[in-house]
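Since the structure comes first, as C-alpha cells, the remarks are kept for the end.
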Amino acid sequence: MSATPQGTLLLVDGLSMAFRAFFGLPVENFSTSTGTPTNAVYGFTTMLATLMRDREPTHVAVAFDLPGGTFRTERLPSYKGTRDATPPEFEPQVPLIREMLQALGVASVDKERYEADDLLATYARLGSEAGLRVLVVSGDRDTIQLVNDDVTLLYPRKGVSDLVEFTPDAVREKYGVAPGQYPDLAALVGETSDNLPGVPGVGPKTAAKWIGVYGGLEEILSQADDVPGKAGQSLRDHLDQVRLNRELNHLLTDLEVPLDLEALSYGGADAQAIHEMCDALQFRTLRDRLLPFVVGDAEAPAESRDEVEVVLEGAVDAVTALTGAVTLHVDGRTGADADAWAVGVFHGGEAWGIDLSSLTSAEEESLTGWLADATVPKTLHGAKDAWHSLAARGIELRGIVGDTQIAAFLVNPDQRGFDLDSVLQRYLGAVPSASAGGDELDLGLSTSPGLAAGERAAHVAALADLLDAEVESRGMSDLYADLEIPLVSVLARMEDAGIAVDTAHLDSLSDEALGRAALAAQDAYDAIGGDQVNLGSPKQLQEVLFERLGMPKTRKIKTGYSTDAGSLQELHAKRPHPFLEALLAHRDSTKLAQIIKGLASEVRADGRIHTTFSQTVAATGRLSSRDPNLQNIPIRTDEGHRIREAFVVGAEFETLVTADYSQIEMRIMAHLSGDEALIEAFRGGEDLHRFVGARVFGVEPEDVTPHMRSQVKAMSYGLAYGLSSFGLSKQLGLEVSQAQALMDDYFARFGAVRDYLKGVVAKAREDGYTETIFGRRRYMPDLSSTNRQRREIAERAALNAPIQGSAADLIKRAMLGVEDRLRDERLASRQVLQVHDELVVETAPGERDAVEAILREEMGGAADLAVPLDVNVGAGATWRAAGH
DNA sequence: ATCGTTACGTT
DNA sequence: GACGTACGTAACGATC
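The first sequence runs 147 to 1030 under this note's numbering.
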C-alpha cells in the first residue's frame, strides 16, 4: 500500500454505468419536450457528480467501448453475443453523455479494438504506480480483478446511486477468493452476460473451494485428473472452455493509453457549456448540482476577469464620495444596482455600497438627485426591478443606458435563467457573490445590504463590458440601445400604473361560474351513476372513460390516453354520452372560475392589478406577462368577454382606449416575402381572407362563401406557424389530400410566400440563426439536428421567429413612440397593457381623441413596410367595451 | 415542499 | 409516430 496517496483517480466504465442508469430510471419520466430520452444522461451525470463531490478526485476519466469488434471478439466471435440489441432510446444518449463530460471537464477515453475495462485496468495500474488512490466504477464483474490495496471497485447494487464498495476484504467475503483470483473463479463458473459458459455443475462455491485447495486455476487445470467427484469429471470435459474463459476475462494493464495520467487531472467545469447542456436537456435541479464544479478561472473570457475590489465605505462617506467623483465622470461605465434596502454604484474602479436606511435626509436628496439624473448613464441588471424598488421610496431612476439582463437575453434568447448570478456564472465563470449564500435565508447578518449592492454593481459593470461586445458583434446594438433599453422605463411605468378592476363584477362572475361548475359536475355524476371520480384528475377520468365506460381510445400520451377537450369532442362524435358533455361543460366552468379567482387574488389595495411584463422570457422577442398573466384573458366566448368587463377605467380617468394591429403577422409575411399578390391585397385595403379566397378558389371576391373564407383564414395563419397538410386537415375537418390541394392552390397563387418560407429556414440553417426586420436574432442549433423530430420543431420555430419577432419589434417601437408623444404633448393618459398586437391606454378626461390619434399614428408608423399597417381603435369604460 | 404532467387560456 | 409559434397558471399525484 502506498503510504500517503497523492490524490485520487476516479475511473468510470461509461457504457456500463450509463446502462445501469438507463434501466434504473424510467425513460418515460426523463425526456425533453421534444422527445429526446435523457434518463441515462441524467442518471449517469447525477452519479458522477455525487462521486466527484463526495470523493473529491484529483484525476478523473470515463472510458467507453467503441462500436465494432475487439480483440476478444476476434478471438471468439460469440463473445458477449447473447446481449440484446441496445434499446433505441439508449443509443442517442451516449454522445450526449460524452458532451456532458466535456462540459464537466472530465476526460472521456476510448480505444479501438479494446474494451473500456482494459483502459480502466491500465489506468488503474498507472494511477497506483503514481501513488494515487484509485476508484473504479463499473457494473462489469470482470473489474473485480483490479481490486487491491490501492484500488477499490464501486459496483452498482441497484440503479446507479447505490454503489457497493469492493475492497480486497469485501471481495474475499463475497466470493471466497482474493480479487486477483476472481478471474480464475469466473472462468470456472462462466459469465452469462459475456456469453461464456462455465463448467456445468460448478458454481461459485465449488470454484472457490477448488481455488482454496489447489491454490489457483493453473494448479486446478494441471491436476484436473485428481479433482474428485461429478464436478471433477465435468471439469475434465470442459478444460478448453475454462482456458478460453480465463484468456478472455483477463484485463490488459499495459495498453498504450490515449491520454496520459497527467491529462486526466481534473481542472473544473465550463459554466457556459453546463448551462447549454442543461438548457438543451431541460435539466433543472441537476444544473445546481453541476455548477459547483465550475471554478473561477475555467474558460472565462479573458478581458472580463479584471479583479474588482469592492470598497465598502460607511453610508455617509459613500454618498459624499458619490456626488463628487461619480457625477464628474459620466463618460465611463457606471454599474449600478438597487433594491429595497440599498443602492450600489461602481465607477472608475471603485464601488460604493449605500445602505438606504442609514442616510440623512440631505444625503438621500443627494443620492436621489444622482439616480434621477438622466445625463448620468447607468447600467443595471434587471433595471425595471430596481426602478420599482426605488419608486417605492419615491425615487425616480433615470439615465438607464444598459441592462445586462436584457443584453444576455439578446445574445441568446433561448437560454433560461437570466438572474444576475446565473449570467455571472455563464459569462465570467464562478463569482463568489455576497448574495449567493446558499439555501439559508439571507438575513443580512453576514453582509450588509450596501456591501452586497456595491458588489453587484461592480459585477454588472464588468458584465456590461463583455456583453456590450457580444451584442455589438451580433449586430444588435441599435435594437438594444434604442428599443429594449428605453422600453424598460415604459414597462416600469405601465406596471406601476396597473389596470383598474371591478371586483364586484368579478365576484358575481365567480359565483356564476362556480354554480355552473357544480351543476355540470352533478350532471356528470348522474351520467355515470355516482361521484367516485375527481373530474379534475385526468388519471381518474381515464379510468372512467376507457375502463368503466369502455370508450374507444384517444390520442396517446405519456400516462395513457388523452382526455383533453379535442379528444373528448372526437369521442363524443363517435360515441355520444352525457358524461362527455357534462365533463366538457364542467371543464369550461371550472377553468373560468379558476381564471376569475386568480385575477381577484391579484387585485392590490389600490383596486388595480399590476402585472409584470418580462423582456427576457419569450425567445421570439415578445413580452410575457405574469402575476397575473394579462395576455391570456379569455375573449373567444361570451363568458370570456364578460371577464373583460371586469377590467375598467380607473377613477380620475375617462375611458379605456384599445388599439390593435390588423393581421400584423400576415402583413409582415407579405413584406418579408415580397409577394406582389399579397402586397396588392393589403394595399387595396380589401378584406384579406376574401381576397386570398378568391385567388385560391378561382372565383370573384364577392363569390367567396363564409366557409371558403374561414378555410383560407385558417390556412393563412397556419402558414406562419409551419402548419402541415395533416394539421390543416385536422383543423378544417378535411381529408389530408384535400388540405394538401388547398395548400397547393394557395402556393400557386402566392408563390413568393412559399419561396420565402422555404428560404428562411434554409438561411437559418446556414447562418445558425434567424433574424427579424430589426435585427433581433434567435440561434437555432437544432436545425441541423440528426433527430428528425427535433429538427422539424426547430424548422417550425425558424419559420415563425422572424414573423412573430418582427411583430414584437414593431409594437415595441410603437410603445416607445406612444410614450414619447404622451409626454411631449403633456397628456396625463397612460399605457396600461400590451397584448402582443394590442395596446391599452387609460385616458385622462378630454384626451380621448388625442390618444386615439397618437395610437393610430405611432402604431401605424412604427415601420415603413411594403404594406400599410392597419390599426383598429376602440374606446369604452371597460376593456370589453373598448374592444368592440 | 417540490417536481413533472396534463390541460387550457391568449396571440 | 408525429404532424402549429410563443407563453403562464392551476390542479393532480408522485416523490422527497
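Each residue gets a CB set at the ideal place from its N, CA and C atoms; glycine is no exception.
Everything numeric in this text was worked out from a predicted model, so none of it was measured.
Here the C-alpha atom of leucine 745 lies approximately 50 Å from the C-alpha atom of leucine 309. A Cβ-Cβ separation of about 5 Å places alanine 417 in contact with glutamine 571 under the 8 Å criterion.
Distances from the alpha-carbon of valine 794 to those of Pro343, Thr550 and Ala1021 put Ala1021 closest. Looking at the backbone, the Cα of glycine 1007 and that of valine 617 are separated by about 27 Å. Taking the C-beta atoms as reference points, aspartate 340 is found nearer than 7 Å to lysine 226. For glutamine 980, no alpha helix (DSSP H) encloses it; the enclosing beta strand (DSSP E) starts and ends at 976–980.
Secondary structure of asparagine 391 (DSSP, three-state): helix. Under the three-state reduction of DSSP, lysine 320 is assigned to helix.
For tyrosine 671, the enclosing alpha helix (DSSP H) starts and ends at 649–674.
In the DSSP assignment, asparagine 1018 falls within the unbroken beta strand (DSSP E) covering 1017–1022. Check the Cα spacing between proline 350 and each of Asp966, Gly322 and Leu342: the tightest is with Gly322. Assignment of alpha helix (DSSP H) within the region 858–902, counting only whole runs of 4 or more residues, yields 871–878 and 882–895 in chain order. Around asparagine 558, the same chain offers Tyr925 as residues with beta carbons nearer than 7 Å, after the five sequence neighbours per side are excluded. If you ignore the 5 residues before and after histidine 205, its C-beta comes within less than 8 Å of the C-beta of Gly153, Thr154, Leu155, Leu156, Gly273, Leu278, Leu407, Leu410, Ser411 and Tyr412, all in its own chain and listed in chain order.
Shown here, leucine 157 sits in a strand according to DSSP, grouped into three states. Judged by DSSP secondary structure, proline 684 falls within the alpha helix (DSSP H) whose first and last residues are 684–688. 7 Å or more divides the Cβ of alanine 719 from the Cβ of alanine 666.
Around the beta carbon of glutamine 857, 16 or more other beta carbons lie within 10 angstroms, which makes this residue buried. In the three-state DSSP reduction, valine 557 falls in the helix class (H, G or I). With contact defined as three or more Cβ pairs closer than 8 Å, the region 634–647 and the region 600–612 are not in contact.
The alpha-carbon separation between valine 679 and leucine 834 amounts to approximately 48 Å. Given a length threshold of 4 residues, each whole run of the alpha helix (DSSP H) inside the region 268–329 is given here in chain order: 314–321.
CA-CA distance, leucine 633 to tyrosine 188, rounds to 40 Å.
Every beta strand (DSSP E) stretch that sits fully inside the region 525–576 and reaches 3 residues is listed by chain position as 546–549.
Taking glycine 170 as the centre and dropping the five residues before and after it, the same chain places the C-beta of Gly189, Gly305 and Val306 closer than 7 Å to its C-beta, in chain order. Put simply, of Asp549, Leu367, Gln715 and Gly575 the residue whose alpha carbon is nearest the alpha carbon of histidine 527 is Asp549.
Per the coordinates, the alpha-carbon of aspartate 628 lies some 11 Å from the alpha-carbon of lysine 958. Linking isoleucine 949 to glutamate 811 through their CA atoms gives a straight-line distance of about 6 Å. Counted as a single uninterrupted DSSP element, the beta strand (DSSP E) harbouring phenylalanine 492 occupies residues 488–493. Counting of Cβ neighbours within 10 angstroms places leucine 405 among the exposed residues, the total staying below 16. Arginine 620 sits in coil when the DSSP states are folded into three classes, being neither helix nor strand.
Boundaries of the beta strand (DSSP E) harbouring leucine 802: 801–807, taken from the DSSP string. The beta carbon of phenylalanine 837 lies closer than 8 Å to those of Ala827, Gly830 and Pro847 in the same chain, with the five residues before and after it left out. Judged by DSSP secondary structure, valine 986 falls within the beta strand (DSSP E) whose first and last residues are 984–989.
Its Cα nearest to that of arginine 790, the residue Ala1027 stands out among Ala711, Leu878 and Ala1027.
Taking aspartate 773 as the centre and dropping the five residues before and after it, the same chain places the C-beta of Thr758 closer than 6 Å to its C-beta, in chain order.
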